[in-house]
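**Student:** First, the structure itself, so that you have it in front of you.
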Amino acid sequence: MSTERESNSLRDKVILITGGANGIGRAVVSVAAAEGADVAIFDIDEPRLREAAAEVEAAGGRAHWEVVDLLDASQVEAGVNNVLEKFGRIDSLATVAGGSGTTATYLERNEETGDYIYKSEGMTQLWTEQVTEADWDGTMEFNLKTVFLAIRAVLPHMKERGGGTIVSFSSTGAMTGSPTGAFAYAAYAASKAGVSGMIRHLSRELGPFGIRANAVSPGAVNNPRMSIRRDAFTAAIDEAQEEGLEMPAPQPWFIPLGRASETREQAEAVIFLVSDRSSYINGVTLDVNGGGHMR
């Protein structure tokens, strides 16, 4: 038995990470680099992309970063081709881009007039009856279409090589929903359930080609986005009560471990699933939520 923490479990492997500039994606970059991988990173945040790539190189790995609109199939395909040109292979794909209530459009309330206006980015804070088609479509595209496009782009190469691993992100919300329905959560829950469904299908379709597909399902995660979400959640409850809606106080999620996870803890689950340490795990959605939801 090795005395090392299998710190080279991804040595000579190439992992492509979408959404790798921030949050959980950045943590996946860090852990992958520490385990010896060469890392390709797609995101739209160029300054943070550069920082992530520098971290990989400081750990002794090769890095490729690229500004890619993950909703643009041509950009995704071109990016994958660029990775293949540089590294010659893609062993693993981690589709981390997505988020809780983040959509292509969102509504912001004008405090003076009380009207809502559309903005182009940010957190959507809507009850189900307020969810517009734009909110629904934006959430579905961001959380589900981006995953599909990235997977579709790497599959010809993985099939040709005769193997590979894919890890995507579902959510506890896909199984439990939310106690309030805020953050366009109907769309969010549906999109994340779609990810789990797609992964189950892919595990059967791709298994004969030596390709494994799994998902990670986080609960609460300690990152800036979660803080924004909590603040917006509290504001939405207060606003609804001020407008005369009688609402039962939402019950907080009970987490037996008593805390939200750190982004690195989610990243460790991703690295486990892409590595040979999980060589007989296929088609699962792995709950990484401290026991907040069990099945």
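Letter by letter, the sequence shown follows residues 0 to 294 in numbering that gives the first Met the number 0. Heads up, the beta-carbon is just placed ideally off N, CA and C, and yes, glycines get one too.
(1) Taking residue 148 as the reference, give the member of 209, 62, 79 with the closest Cα.
(2) Which residue or residues does DSSP assign as beta-bridge partners of residue 168?
(3) Taking only runs that begin and end inside the segment 20 to 74, name each unbroken beta strand (DSSP E) of 3 or more residues, in chain order.
(4) Check whether the Cβ atoms of residue 13 and residue 19 sit closer than 9 Å, and answer yes or no.
(5) Locate the alpha helix (DSSP H) running through residue 272, then write down its first and last residues.
(6) So for residue 290, helix, strand or coil by DSSP?
(7) Can you tell which of 15, 9, 47, 24 has the C-alpha that lies nearest to the C-alpha of residue 33?
(8) If you run the structure through DSSP and keep just helix, strand and coil, what is residue 256?
(9) Does the Cβ-Cβ distance between residue 183 and residue 135 come in under 9 Å?
(10) Compare the C-alpha of residue 65 against each of 49, 268, 204, 198 and name the closest.
(11) Less than 9 Å between the beta carbons of residue 208 and residue 144, yes or no?
(12) Can the beta-carbon of residue 215 be found less than 9 Å from the beta-carbon of residue 268?
(13) Please report the straight-line C-alpha distance between residue 219 and residue 293, rounded to a whole angstrom.
(14) Between residue 282 and chain B, is the shortest Cβ-Cβ distance under 9 Å, so that the two count as touching?
(15) For residue 163, which residues does DSSP report across the bridge?
(16) Does DSSP put residue 183 in a helix, in a strand, or in coil?
**Tutor:** Taking the geometry as given:
(1) Here residue 148 refers to the residue found at position 149 of the sequence shown. With distances taken between Cα atoms, residue 148 lies closest to 79.
(2) In the sequence shown, residue 168 corresponds to position 169, counting from 1. Residue 168 is bridged to 215.
(3) For the segment 20 to 74, whole beta strand (DSSP E) runs of length 3 or above, ordered along the chain, are 37 to 42, 62 to 66.
(4) For the purposes of this step, residue 13 is taken as residue 14 along the sequence shown, with counting starting at 1. For the purposes of this step, residue 19 is taken as residue 20 along the sequence shown, with counting starting at 1. In this structure, residue 19 does not lie closer than 9 Å to residue 13 by Cβ.
(5) Mapped onto the sequence shown, residue 272 falls at position 273. Looking at the DSSP string, the run of the alpha helix (DSSP H) that includes residue 272 is 262 to 273.
(6) Residue 290 sits at position 291 when you count from the first residue of the sequence shown. Of the three classes helix, strand and coil, the one that applies to residue 290 here is coil, per DSSP.
(7) By one-based count along the sequence shown, residue 33 stands at place 34. Closest by alpha carbon: 9.
(8) As a first step, residue 256 must be located in the sequence shown, where it is residue number 257. Here residue 256 sits in coil by DSSP.
(9) Translated into the one-based positions of the sequence shown, residue 183 becomes position 184. Translated into the one-based positions of the sequence shown, residue 135 becomes position 136. Going by beta carbons, residue 183 and residue 135 fall inside the 9 Å limit.
(10) Stepping through the sequence shown from its first residue, residue 65 is reached at position 66. Nearest C-alpha to residue 65: 49.
(11) Within the sequence shown, numbered from 1, the residue matching residue 208 stands at position 209. Within the sequence shown, numbered from 1, the residue matching residue 144 stands at position 145. Against a cut-off of 9 Å, the Cβ pair of residue 144 and residue 208 comes out as no contact.
(12) Working through the sequence shown from its first residue, we reach residue 215 at position 216. Working through the sequence shown from its first residue, we reach residue 268 at position 269. Yes, the Cβ-Cβ distance between residue 215 and residue 268 is below 9 Å.
(13) Counted from its first residue, the sequence shown places residue 219 at position 220. Counted from its first residue, the sequence shown places residue 293 at position 294. Residue 219 and residue 293: Cα-Cα distance of roughly 14 Å.
(14) You won't find chain B in this structure, because it holds only one protein chain.
(15) Locating residue 163 in the sequence shown gives position 164, counting from the first residue. Paired residue(s): 210.
(16) Locating residue 183 in the sequence shown gives position 184, counting from the first residue. Of the three classes helix, strand and coil, the one that applies to residue 183 here is coil, per DSSP.
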